[in-house]
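Below: one structure, written as structure tokens.
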Amino acid sequence: MISKDKKMKKDMKFMEDNDIISPDYSKQLLEINSDSGIILSDVHSPCYDSDMMQFAMQIAAKFKVENVFLNGDFMDCGIWSNHGGFDPQDWDNEIHQTEQLLNLYRKLFKKCYWILGNHELRYMRETGYRVKFKHLVRQVGIKENDPWCTISENSYMRLQTSTGLDIMLTHPYGNYSNKPLATAEGISIVEPYSIIVGHEHHQAITTSPDGTRVIANVGTMIDHRKVAYKTRKHTRHRKWAVGFFLIHRGIIYPFHKENFLTDREFWLNNVKP
Ligand SMILES: [Fe+2]
Ligand SMILES: [Fe+2]
-3 MISKDKKMKK DMKFMEDNDI ISPDYSKQLL EINSDSGIIL SDVHSPCYDS
47 DMMQFAMQIA AKFKVENVFL NGDFMDCGIW SNHGGFDPQD WDNEIHQTEQ
97 LLNLYRKLFK KCYWILGNHE LRYMRETGYR VKFKHLVRQV GIKENDPWCT
147 ISENSYMRLQ TSTGLDIMLT HPYGNYSNKP LATAEGISIV EPYSIIVGHE
197 HHQAITTSPD GTRVIANVGT MIDHRKVAYK TRKHTRHRKW AVGFFLIHRG
247 IIYPFHKENF LTDREFWLNN VKP
């Protein structure tokens, strides 16, 4: 019997050479402590909604917002679209428009945090993943170790506030549900944080069943009229929700493009910062 065990051990020895563990990228977590920020997800530059972007910048200026959180798909990388490359925006235009937007943010915000979305990933995919996210952002004026802008090669970042929020801001590409909150709730079951997701272009906000955490979809800043494929075929996707979140004094405020959800006049002229 013993000799049989020995033989089996010998036969399984090859498995020892197979113990190659991949790096744990979650340890490279981008962590921020702040009570002041604007969360812009799915800007899809240059296809963003100019009117909504201007409003977001007015809100940022009025409330002296310190940080801008770019929650993935900040760039569209439209020339590499799998939807047939119908989008009229070329790469020069995308770079030029994105640089201009970032220059404006540089004037308005003390810090910028930018995580990877599946649209930025298109750029890396097209080079067979030989280049990284940091190489893409260099094209739009973000230098390596730029003190103003911190990027993450991961598609999530953690934000903690003095009001007790501990939020994972995430762009969960590869997951899509037509139901707002479904993906965010799914992630909140396996992650211990409040969860704010982009990617799906929905906007909704609720709490976990025990009421202790926030679960939300932040919305998109896209102008669907600038995305050609959207007008050339039908999908089951619900209408994209154009909006953003403000974090002011550690509290979350959702803003939506629809007038019946956000009274711009009230926010810009009546509310004291
Ligand atoms: Fe997106
Ligand atoms: Fe996305």
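In this note's numbering, the protein residues as written are -3 to 269. Even glycine gets a Cβ: it sits at the ideal position worked out from N, Cα and C.
Integer Cβ distance of residue i from residue j, believed to fall under 8 Å
i    : j    : result
C73  : R118 : 4 Å
F241 : Y249 : 7 Å
Y169 : G113 : 6 Å
C43  : D219 : 6 Å
K128 : M120 : 7 Å
Cβ neighbour criterion (16 or more within 10 Å) applied to residue i
i    : result
S37  : buried
W144 : exposed
P188 : exposed
K186 : Note that residue 186 is Val in the sequence shown, not Lys. The residue in question, V186, is exposed, as its Cβ has fewer than 16 Cβ neighbours within 10 Å.
E12  : exposed
H197 : buried
D88  : exposed
T203 : exposed
A57  : exposed
M4   : exposed
E122 : exposed
E140 : exposed
I35  : buried
M8   : exposed
H244 : buried
S190 : buried
F251 : buried
P269 : exposed
H160 : Per the sequence shown, residue 160 should be read as Gly rather than His. Burial call: exposed.
Residue i and residue j closer than 8 Å at C-beta
i    : j    : result
T216 : W236 : yes
Y225 : H40  : no
M71  : H115 : yes
V210 : I247 : no
E340 : F105 : The structure shown does not extend to residue 340, since the chain spans only -3 to 269, so no value can be given for it.
V133 : E95  : no
V279 : Q199 : Here the chain has residues from -3 to 269 only, and residue 279 is not among them.
L165 : N67  : yes
H167 : G194 : yes
W110 : I55  : no
F51  : R260 : yes
D69  : K253 : no
S173 : D31  : no
M53  : L100 : yes
L26  : M153 : yes
A178 : I192 : no
Residue(s) in a DSSP beta bridge with residue i
i    : result
M71  : S41
H220 : Bridge partners of H220: none, in fact.
Q156 : N29, D162
T203 : V210
P250 : F241
Y109 : F65, T146
V193 : T166, N213
Residue i: CB within 7 Å of a non-hydrogen atom of ligand 2
i    : result
G33  : no
G74  : no
Y101 : no
Y152 : no
beta-carbon residue i near ligand 1 non-hydrogen atom, thresh 7 Å
i    : result
G113 : yes
T288 : Since the displayed the chain opens at -3 and closes at 269, residue 288 lies outside it and no answer follows.
H195 : yes
V40  : It is worth fixing the name first, because residue 40 is His in this sequence and not Val. Yes, the Cβ of H40 comes within 7 Å of a heavy atom of ligand 1.
Check: residue i C-beta below 7 Å from any heavy atom of ligand 4
i   : result
D69 : Summarising the ligand content, the structure contains ligand 1 and ligand 2 and does not contain ligand 4.
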